[in-house]
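Encoded as structure tokens, the structure appears first; notes follow it.
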Amino acid sequence: MPAASNGPEAASMMLTLTVAGQPCAVPVLAVRDVLGVQAITRIPLAPREVAGSLNLRGRIVTAVDLRGRLGLPPRAPGEVAMSVVVEVGGELYSLLADQVGEVLTLNPEERAPNPPTLDPSWKEFSLGVHRQDDHLLVLLDVDQLLALGA
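The structure is reproduced here in structure tokens:
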């Protein structure tokens with residue numbers, strides 16, 4: 001993935017992804033790579049939202065299944081996940097999503113707070129929403145998603 005500039009426009013750039021049919025986005029500045037299907041090794045006794053670990057160019061990366069983290073049903077057998085590799089606190093993590101879309105520049109002034117109808121289990125992970133055509137794009141808080149022991 002090309003490196004983004006660190007200017008004000010980069011701060012409003014978001015990578016879109018889909019989790020169980022819900023359009024979401026993560027800040028592009030946190031994204032280090034986007035990968036297709038990867039071999040994931042299960043980690044014994046890991047929390048249910050931790051799918052396992054994968055090898056990214058010699059680095060061990062913890063894979064977090066966004067479906068499990070957001071309280072959604074697991075993928076059907078045979079359905080594959082894409083990996084959005086993010087860096088938080090100097091560590092790499094893979095966020096497993098159903099699909100990865102495009103990079104959008106969103107106007108921060110158009111961000112709306114979480115609607116009251118947003119599932120309570122999602123509220124701690126959402127920075128707000130953006131209206132996109134006929135749907136809402138949930139802006140995910142990567143730091144909160146990866147606060148697994150908190």
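In full-length UniProt numbering, the protein residues as written are 1 to 150. Positions of the beta carbon are idealized from the N, C-alpha and C atoms, including for glycine.
Keeping to the same chain, check which residues put their C-beta closer than 8 Å to that of residue 30; ignore five residues upstream and five downstream.
-> 86, 87, 88 and 142
Meets three-Cβ-pair contact criterion under 8 Å: the region 101-117 and the region 34-42 = no
Report the residue from 108, 124 and 66 whose alpha carbon sits nearest the alpha carbon of residue 99.
-> 66
Cβ contact check for the region 13-33 and the region 93-112: 3 or more pairs under 8 Å | yes
For residue 135, does the count of other Cβ atoms within 10 angstroms reach 16, so buried, or fall short, so exposed?
-> exposed
Provide the residue span of the alpha helix (DSSP H) that contains residue 142, from first to last.
-> 142-145
Counting only runs that start and end within the UniProt domain "CheW-like" (11-150), where is the alpha helix (DSSP H) found for 4 or more residues in a row?
-> 66-69, 120-123 and 142-145
Report, in whole angstroms, the separation of the C-beta atoms of residue 92 and residue 83, which I expect to be a contact under 8 Å.
-> The pair is not a contact, with the Cβ atoms about 10 Å apart (cut-off 8 Å).
Leaving out the 5 sequence neighbours to the left and right, which residues in its chain are closer than 6 Å to residue 21 when beta-carbon positions are compared?
-> none
Would you mind giving the Cβ-Cβ distance between residue 127 and residue 139, rounded to the nearest angstrom? I have them listed as a contact below 8 Å.
-> 4 Å
Look at the alpha carbon of residue 24 and the alpha carbon of residue 131, and state the distance between them as a whole number of angstroms.
-> 11 Å
Should residue 59 go down as buried or exposed, given a rule of 16 or more other Cβ atoms within 10 Å for buried?
-> exposed
Do you know offhand how far residue 121's Cα is from residue 55's?
-> 30 Å
Considering only C-alpha positions, which residue in the set 111, 146 and 79 is nearest to residue 12?
-> 111
What distance in whole Å lies between the Cβ atoms of residue 68 and residue 48, which are believed to be in contact at a cut-off of 8 Å?
-> 5 Å
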